[in-house]
Amino acid sequence: MLVALCAASFAFAQEGAPVLRLSLDEAESLWATHNREVRLARSAVSGAEADVTSAGQAPNPQVSLNVASLSPQEGVGGGGLRDKRMDSVVRVEQLIERGDKRELRTLAAEAMLKASRGDLDDTQRQQRKVLWSAYYDLLLAQERRAGAAEAAALYGKGLAASDIRYKAGDISGADLGRLRIEKLRAENDARQAQADLEKAQIALAYLIGREASARRLVAADAWPQDETARVTPNGSATPARSDVATPLPETALAQRPDVRAAQARVDAAEKARDLARALRKRDLTVGVQFEHNQTNSPTNSFGVGVSVPLFLRHEYQGEIARAEADLQATREQLERVQAQALGEADQARADLEAGRERRQRLESGVLADAERVAKGAELAYAKGAMGLLDLLDARRTARQVQLEAMAARADYAKAVAAWRAAVAQEDGFK
Numbered sequence: 005m006l007v008a009l010c011a012a013s014f015a016f017a018q019e020g021a022p023v024l025r026l027s028l029d030e031a032e033s034l035w036a037t038h039n040r041e042v043r044l045a046r047s048a049v050s051g052a053e054a055d056v057t058s059a060g061q062a063p064n065p066q067v068s069l070n071v072a073s074l075s076p077q078e079g080v081g082g083g084g085l086r087d088k089r090m091d092s093v094v095r096v097e098q099l100i101e102r103g104d105k106r107e108l109r110t111l112a113a114e115a116m117l118k119a120s121r122g123d124l125d126d127t128q129r130q131q132r133k134v135l136w137s138a139y140y141d142l143l144l145a146q147e148r149r150a151g152a153a154e155a156a157a158l159y160g161k162g163l164a165a166s167d168i169r170y171k172a173g174d175i176s177g178a179d180l181g182r183l184r185i186e187k188l189r190a191e192n193d194a195r196q197a198q199a200d201l202e203k204a205q206i207a208l209a210y211l212i213g214r215e216a217s218a219r220r221l222v223a224a225d226a227w228p229q230d231e232t233a234r235v236t237p238n239g240s241a242t243p244a245r246s247d248v249a250t251p252l253p254e255t256a257l258a259q260r261p262d263v264r265a266a267q268a269r270v271d272a273a274e275k276a277r278d279l280a281r282a283l284r285k286r287d288l289t290v291g292v293q294f295e296h297n298q299t300n301s302p303t304n305s306f307g308v309g310v311s312v313p314l315f316l317r318h319e320y321q322g323e324i325a326r327a328e329a330d331l332q333a334t335r336e337q338l339e340r341v342q343a344q345a346l347g348e349a350d351q352a353r354a355d356l357e358a359g360r361e362r363r364q365r366l367e368s369g370v371l372a373d374a375e376r377v378a379k380g381a382e383l384a385y386a387k388g389a390m391g392l393l394d395l396l397d398a399r400r401t402a403r404q405v406q407l408e409a410m411a412a413r414a415d416y417a418k419a420v421a422a423w424r425a426a427v428a429q430e431d432g433f434k
């Protein structure tokens, strides 16, 4: 009954609304448009672009209006504004930066923009790997659900046939009870497989922005072929086998987006350090003013002025020390990212080799042998040449090997995705 309910619910989803059969390319297209993590990273790039604009702007001039020589006894007198007895001053001031401060600010902001773009690329790299894994998790869940439903149906047919044999006295009541227990187990497995399928659909739906249609999603692609497993250190595919994992080349390492982003942050920190040192160059504030004074002569006059800061309390030693510390931290971070990238690539390559070999072992004969033994056991049991316990053991063995083969295909596909991500390739299995 549980299998029937699972099948009925799945059929209702198909009848109520058409399923969304997605290839990996189609899923990736939706992901590129709707993935929330990628959109957030793009927003960070937009903010960094605005920072570059702000950094390149010169300080705005300031204008001030001052009124003085106001007498509370005599007042300001009559007449127009220019005839009032008061001293009015209009002053315009401009800060002139020295020490290439604006250029250094711009260079630091541009380096941070480059880092933000590297972060965007790295987010896409990581999220693309998550997408590929989620897609193949869904494909695995579909196969497991189909296999569990098939196994439950097989036990159902076997129980019906055994019930007839029991009534005819060919098998014992104990054997019939064992078959009922196995049928219930198979139905429970089918129900769990349905739940796992729905979880996989929800996970993929979030990544592609299709949460409302999660239960309609169907992975339409087949498993990737073995030939794509053979990758050289630069990421190219080849059918030849390599027994020794070759380290990721330095050129490929430098092109990883997380390494590029870390290097850009080092560049930005160097410019920020130079900018902190440039604070020791005194900036000038130049002003020009017009004064109108009815109480003194001359009535109208002009003036200019220059002001400079006095480094009596400090010479920005703290700011410079902080910038030096930040620079050292970014250099340490770059080394850490490089080491992690190398480790990730080596681990991905090892997983890829192991996954390929495991899949080949299962598909080269173990799976076919287990299925052949199970079919022979079914035939022998039907003819009375095999006991029930031997039949159940053959079924369990075949089912276990089938599950291992499914898992091996999924692990292999995700290992290829992890390798592609480790060497910063975006083509996946294309």
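Going by the numbering used here, the residue at position 121 of the sequence shown is 125; the numbering climbs one at a time, nothing skipped. All C-beta atoms in this analysis are idealised placements derived from N, C-alpha and C, irrespective of residue type, glycine included.
Asked                                                                                                                                                          : Found
Tell me whether A354, by its Cβ, gets closer than 6 Å to a heavy atom of the ligand GDP.                                                                       : Inclusion of the ligand GDP in the displayed structure is not the case, the ligand content being empty and no account of it being possible.
Give the C-beta separation of L28 and L221 to the nearest angstrom, bearing in mind that I take them to be a contact with Cβ-Cβ under 8 Å.                     : Rounded, the Cβ-Cβ distance is 13 Å, inconsistent with contact.
Hey, A204 and D141 are a contact pair by Cβ (cut 8 Å); roughly how many whole angstroms apart?                                                                 : 5 Å
Expressed to the nearest angstrom, what Euclidean distance is found between the alpha-carbon atoms of T57 and K133?                                            : 34 Å
Between the segment 257-272 and the segment 289-296, do at least 3 Cβ pairs fall closer than 8 Å?                                                              : no
Here's a check: name, in chain order, each residue in its chain whose Cβ is nearer than 6 Å to the Cβ of E375, leaving out the five neighbours to either side. : A402
State the CB to CB distance for the pair Y139 and A31, rounded to an integer number of angstroms; the pair is presumed to be in contact (CB under 8 Å).        : 6 Å
Within its chain, find whatever has a CB closer than 6 Å to the CB of G213; leave out the 5 residues flanking it on each side and keep chain order.            : H38
Use the C-beta contact count for L54: other C-beta atoms within 10 angstroms, 16 or more gives buried, fewer gives exposed.                                    : According to the sequence shown, residue 54 is Ala rather than Leu. A54 should be labelled exposed.
Would you mind reading off the limits of the beta strand (DSSP E) that contains L69?                                                                           : 66-72
If contacts are defined as beta-carbon pairs under 8 Å, then R102 and R286 qualify, I think. What distance do you get, rounded to the angstrom?                : 7 Å
Does L314 pass the burial test, meaning 16 or more other C-beta atoms within 10 Å, or should it be called exposed?                                             : exposed
Using only alpha-carbon positions, find the residue among V96, A145, V49 that is nearest to A113.                                                              : V49
For the beta strand (DSSP E) containing A223, list its first residue and its last residue.                                                                     : 221-223
Going by DSSP, what residue range makes up the beta strand (DSSP E) through V134?                                                                              : Looking at the DSSP string, V134 is not in any beta strand (DSSP E); the run it does join, the alpha helix (DSSP H), is 105-171.
Quick one: residues in its chain with C-beta nearer than 6 Å to the C-beta of D125, no 5 flanking neighbours on either side, listed in chain order?            : P261
What did DSSP end up calling A174 once you bin it into helix, strand or coil?                                                                                  : Contrary to the premise, residue 174 reads as Asp rather than Ala in this sequence. Coil.
Quick check on DSSP: helix, strand or coil for V290?                                                                                                           : strand
Tell me the DSSP secondary structure of H318 in three-state form.                                                                                              : coil
Would you list the one or two residues that DSSP bridges to G213?                                                                                              : The partner list for G213 (beta bridge, DSSP) is empty, contrary to what the question assumes.
So, at 7 Å on beta carbons, what are the nonlocal neighbours of W423 in its own chain, with the 5 sequence-adjacent residues on each side left out?            : V235, A352, R353, L356
Per the DSSP calculation, G307 is bridged to which residue(s)?                                                                                                 : Q293
Would you mind stating whether R46 and A425 have Cβ atoms separated by less than 7 Å?                                                                          : no
On the three-state DSSP scale, how would you describe E32?                                                                                                     : helix
With a cut-off of 8 Å on the beta carbons, I'd call P228 and A417 a contact; round off their distance for me.                                                  : 5 Å
Give the straight-line distance between the Cα atoms of R281 and K105, rounded to the nearest whole angstrom.                                                  : 10 Å
DSSP three-state label for V427, please.                                                                                                                       : coil
Assuming L208 and R149 form a contact by the criterion Cβ under 8 Å, report the distance between their Cβ atoms to the nearest whole angstrom.                 : So it is not a contact: roughly 15 Å between Cβ atoms.
Please say whether L99 and T289 have beta carbons closer to each other than 7 Å?                                                                               : yes
Would you give the residue range spanned by the beta strand (DSSP E) that V370 belongs to?                                                                     : Here V370 belongs to no beta strand (DSSP E), and DSSP marks it neither H nor E.
So, with DSSP's three-state summary, where would you put V93?                                                                                                  : strand
Taking just the CA atoms, how far does D123 sit from A152?                                                                                                     : 42 Å
Check for me: the alpha helix (DSSP H) holding R281 runs from which residue to which?                                                                          : 261-282
My output table needs one value for T242: the three-state DSSP class, helix, strand or coil.                                                                   : Below a pLDDT of 50, predicted positions are generally treated as unreliable, and T242, at 39, falls in that range; the measurement from the model is reported next regardless. Coil at T242, not helix or strand.
Between which residues of its own chain and A155 is the CB-CB distance below 8 Å, once the five residues before and five after are set aside?                  : A190, D193, A194, R399, R403
What does a CB cutoff of less than 7 Å around I324 pick up in its chain, not counting 5 residues either side in sequence?                                      : A280, R281
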